[in-house]
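Single-structure report; data block below.
Protein chains in written order, with my numbering: chain A, 1 to 370; chain B, 1001 to 1452.
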């Protein structure tokens, strides 16, 4: 470890579970978090665009889709936050000494997330609840909120890259101990952010397609249109992603990039599988778009792109560990498993899922819509 | 020590935490009591077959959703963000000790938020029995999340047997766990009543308004009877030093503790003679005033709870400035700067004394003190000369019971005293004649006049 890099000591309190279990929960809950996060982030922009097109072209389909999405947006935020708390916990357990340090270096922008999140969240609710009353100004409202969420994502990328590059910390801290700075000098921050940002349009497009499928039963025409409209967003975003993804890959430090290009069998395997799944998904979506009955192909396409997302979550973790390799050895953690509490957690987790399942079943049976 | 220090101008990190935490506590306690309020009031509407009440609960649900799911939930995450920025070592300790406690709390949070959404969106779309059941799920999940977080909060003041055993359950079910949970639970009910006064006092129809205003006022009753008893119980369980701080040891804390009781008494007596006795004459502005008083009580009480924990973050384990009690010897022998990761001065020489002192101030004092703002050190130093400051630093923990001892070598203590002496009135009012230690990068502060 380079001696002038100020890495905080490991917390003297031992880990209450094996590293693999905490890591598995970190990755699982992160995966659960980014699904609604993508819906919320891309969804805000797609809703604004859809309403704009609807008004320009006087299209009933567009306007009614925008109004339905408006009601879904606050719920996607609620789940983004709720499901985001768990990975926030586990990342602090395993990577706390990096995460806390980088957060403090950009303390004000990082703290500001709390404030602007509340504002943008209320923006989405206002957009949904005052749809009729707001009329003209509501487009600005949803677009403004969407931009704020995009900023929040950017702040996250800033911090999560900064936590991986401790060699930059000292200079940043002594230049500005007030936490009034960002991590903009890092060449991976922009492509990494755009990689996530673009993906959110693809996944929110899928949300639109799923909505179209649900609507197909009562209104086949509108439903089919919705499926195809969502697919268009998915296709455009994913095609752009091929370029941005390559840019991001190239921006990574050579030794990390090479892991995915043959340097490491597992990393390369995951990368190629994820890429292949994305390509298969693209083809299925195109086929779905042109076919008279798009739903079955689109569903398969969603299946494949979900595998891509899983692959990306794993790759993200490999990138993190490759960055921190010089500074951090997971095996140095003292472990003292608290078996009783772990069992209790899993029991309660299952009970929680059963309770959630109960409510979903009741709501579906009664055909409740938001 | 381990982490960089975030310099929060004027208000300091501690007050920033207080600000976020108090707003959160105020809404979060309401969310818990309020969920019970919703489900019981809905049941009351069905039992009395009163559509007026039913319409009221439905309307109250939206207000509730917007306040708790958005503001309550996000400020909760906000508290976490803020403590991690201001007290990273303590946050890390709490996270590591209670990983599975937090994880369980997260399960409750997930169920709580989801059931709140279901409760709101399924009004009059599900049969009454199922909708009530979802309301109960909501209340139980939210109360259980309190029951978990309460263990972790109470732990900081009374870690109890955990200090010896390092056992999760010893830390969790600590000496103040039960009294603190009782206190918080009745506060939840009282806050539900206060918020309900806000929405009920705006109802148009007079009979319904009078009926519901009175009903809302009754929600304060459990707190009125139980708070004093649970309060005494709680105070009997806290460490003697903490008790002493709240009862005269530190005037500001005592005053705030007194205010907490005074405001509570005012709320209860006004609630009895106002909305309970004469519900017809209870206007909306009064409800707003009541709620503001409730916020004041929450604020001063949480502030006192934090203040009496001094000089620790985790009692008998970690000092307010994140120095570990168990490593005291190390810091005294090897020096605080040598152990600190985020300082530029490692060896103290005559030339760098000022800068070393400032860095020592940063790592030892800044978690509670600012220079000129909240708990500002400059006014506290008055016009003390350097050797007097140095003597104070030698006996901090005995002179001021709520402060941790200075932990460092003698040389470091001199450096800190040197730096502090440049902040006193005598130096800031009359600029030093000669400047031996030239703090070139120190902004407004001017060298050390007492350099020997």
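Where is the CB? At the ideal position from N, CA and C, for every residue including glycine.
Since the model is a prediction, treat every value here as computed from it, not as a measurement.
Exposure of residue i, with buried meaning 16 or more beta-carbon neighbours within 10 Å
| i | result |
| --- | --- |
| residue 1351 of chain B | exposed |
| residue 1440 of chain B | Model confidence at residue 1440 of chain B stands at a pLDDT of 40, short of 50, so the residue's coordinates are unreliable and nothing is read from them. |
| residue 1364 of chain B | buried |
| residue 957 of chain B | With chain B covering only 1001 through 1452, there is no way to say anything about residue 957 of chain B. |
| residue 174 of chain A | exposed |
| residue 1162 of chain B | buried |
| residue 24 of chain A | exposed |
| residue 20 of chain A | exposed |
| residue 1372 of chain B | exposed |
| residue 424 of chain A | Outside the modelled stretch of chain A, which goes from 1 to 370, sits residue 424 of chain A, for which no answer is possible. |
| residue 1137 of chain B | buried |
| residue 303 of chain A | exposed |
| residue 217 of chain A | exposed |
| residue 1006 of chain B | buried |
| residue 1049 of chain B | exposed |
| residue 1008 of chain B | buried |
| residue 355 of chain A | buried |
| residue 971 of chain B | As shown, chain B starts at 1001 and ends at 1452. That puts residue 971 of chain B outside it, with no answer to give. |
| residue 1265 of chain B | exposed |
| residue 1425 of chain B | exposed |
| residue 367 of chain A | exposed |
| residue 234 of chain A | buried |
| residue 90 of chain A | buried |
| residue 361 of chain A | exposed |
| residue 192 of chain A | buried |
| residue 1128 of chain B | exposed |
Counterpart residues of residue i in DSSP-defined beta bridges
| i | result |
| --- | --- |
| residue 15 of chain A | A:335 |
| residue 1319 of chain B | B:1312 |
| residue 1324 of chain B | B:1318 |
Inter-residue CB distance, residue i and residue j (contact presumed, cutoff 8 Å)
| i | j | result |
| --- | --- | --- |
| residue 29 of chain A | residue 78 of chain A | The Cβ separation is near 16 Å, so there is no contact. |
| residue 1002 of chain B | residue 1341 of chain B | 6 Å |
| residue 1367 of chain B | residue 1078 of chain B | About 19 Å separates the two Cβ atoms, so there is no contact after all. |
| residue 1032 of chain B | residue 1069 of chain B | That pair is no contact at about 13 Å. |
| residue 163 of chain A | residue 67 of chain A | About 40 Å separates the two Cβ atoms, so there is no contact after all. |
| residue 1274 of chain B | residue 1256 of chain B | 26 Å between Cβ atoms; not a contact. |
| residue 1422 of chain B | residue 1354 of chain B | 7 Å |
| residue 1407 of chain B | residue 1331 of chain B | 4 Å |
| residue 1198 of chain B | residue 1291 of chain B | 6 Å |
| residue 1201 of chain B | residue 1284 of chain B | 5 Å |
| residue 1230 of chain B | residue 1183 of chain B | 5 Å |
| residue 1404 of chain B | residue 1278 of chain B | That pair is no contact at about 52 Å. |
| residue 310 of chain A | residue 31 of chain A | 6 Å |
| residue 1160 of chain B | residue 1042 of chain B | Rounded, the Cβ-Cβ distance is 40 Å, inconsistent with contact. |
Residue-chain proximity (residue i, chain C), Cβ-Cβ < 9 Å
| i | result |
| --- | --- |
| residue 171 of chain A | Considering every chain present, this structure includes no chain C. Its protein chains are A and B. |
heavy atom of the ligand NAP below 8 Å from residue i C-beta
| i | result |
| --- | --- |
| residue 1014 of chain B | Among the ligands in the structure shown, none appear at all, so the ligand NAP cannot be discussed. |
Open item on the list: Along the region 1062-1077 of chain B, where does the CB come closer than 9 Å to a CB of chain A? Name the residues.
Closed with: 1062, 1065, 1066, 1069, 1070, 1071, 1073, 1074, 1075, 1076 and 1077
TODO: Compile a chain-ordered list of the residues in the region 1092-1121 of chain B whose CB is closer than 7 Å to at least one CB of chain A.
DONE: Of all residues in the region 1092-1121 of chain B, 1092, 1093, 1095, 1096, 1097, 1099, 1100, 1102, 1103, 1104, 1106, 1107, 1109, 1110, 1111, 1113, 1114, 1115, 1117, 1118 and 1121 have a Cβ within less than 7 Å of some Cβ in chain A.
Open item on the list: Which residues of the region 1214-1245 of chain B have a Cβ closer than 7 Å to any Cβ of chain A? Give them in chain order.
Closed with: none
Task: Near-chain B residues of the region 33-46 of chain A (beta-carbon distance less than 8 Å), N- to C-terminal order - done: From the region 33-46 of chain A, no residue has a Cβ closer than 8 Å to chain B.
Task: Members of the region 1152-1169 of chain B that neighbour chain A once the beta carbon cut-off is set at 9 Å - done: 1166, 1167, 1168 and 1169
- [ ] Select from the region 263-294 of chain A all residues with a C-beta closer than 9 Å to any C-beta belonging to chain B, and list them in chain order.
- [x] none
Open item on the list: Quick check on the DSSP output: what are the complete alpha helix (DSSP H) runs of length 4 or more inside the region 1085-1117 of chain B, in order along the chain?
Closed with: 1088-1097
Open item on the list: What are the residues in the region 1313-1332 of chain B lying within 7 Å of chain A by C-beta distance?
Closed with: none
Task: Residues within the region 8-36 of chain A neighbouring chain B, beta-carbon criterion of under 9 Å - done: Listed in sequence order: 8, 9, 11, 12, 13, 14, 15, 16, 17, 22, 25 and 29.
- [ ] Name, going along the chain, the residues of the region 70-98 of chain A whose beta-carbon falls closer than 7 Å to a beta-carbon of chain B.
- [x] 75, 78, 81, 82, 85, 86, 89, 92, 93 and 96
- [ ] Check each residue of the region 124-148 of chain A: if its Cβ is closer than 7 Å to any Cβ of chain B, include it; give the result in chain order.
- [x] 125
Open item on the list: So if I threshold CB-CB distances at 9 Å, which residues from the region 335-347 of chain A count as touching chain B?
Closed with: 336, 338, 340, 341, 342, 344 and 345
Task: Minimum length 3: unbroken beta strand (DSSP E) runs contained in the region 1216-1251 of chain B - done: none
Open item on the list: Under 7 Å, CB to CB, which of the residues in the region 168-195 of chain A have a partner in chain B?
Closed with: 173, 174, 177, 178 and 179
- [ ] Would you mind listing the alpha helix (DSSP H) stretches within the region 279-343 of chain A that are 4+ residues and don't spill past its ends, in chain order?
- [x] 295-324
Open item on the list: By the 7 Å beta-carbon criterion, what residues does the region 1336-1363 of chain B contribute toward chain A?
Closed with: Cβ contacts with chain A come from 1341, 1342 and 1344.
Task: alpha helix (DSSP H) runs wholly inside the region 178-234 of chain A, at least 4 long, in chain order - done: 189-216
Open item on the list: Tell me which residues of the region 348-359 of chain A have at least one Cβ-Cβ distance to chain B shorter than 7 Å, keeping chain order.
Closed with: 348, 349, 352, 355, 356 and 359
Open item on the list: What are the residues in the region 206-225 of chain A lying within 8 Å of chain B by C-beta distance?
Closed with: Correct list: empty, as no residue qualifies.
Open item on the list: Beta carbons nearer than 8 Å to chain A: which residues of the region 1386-1408 of chain B have them?
Closed with: none
- [ ] Counting only runs of 3+ residues fully inside the region 1006-1076 of chain B, write out the beta strand (DSSP E) ranges in chain order.
- [x] The region 1006-1076 of chain B contains no whole beta strand (DSSP E) run of 3 or more residues.
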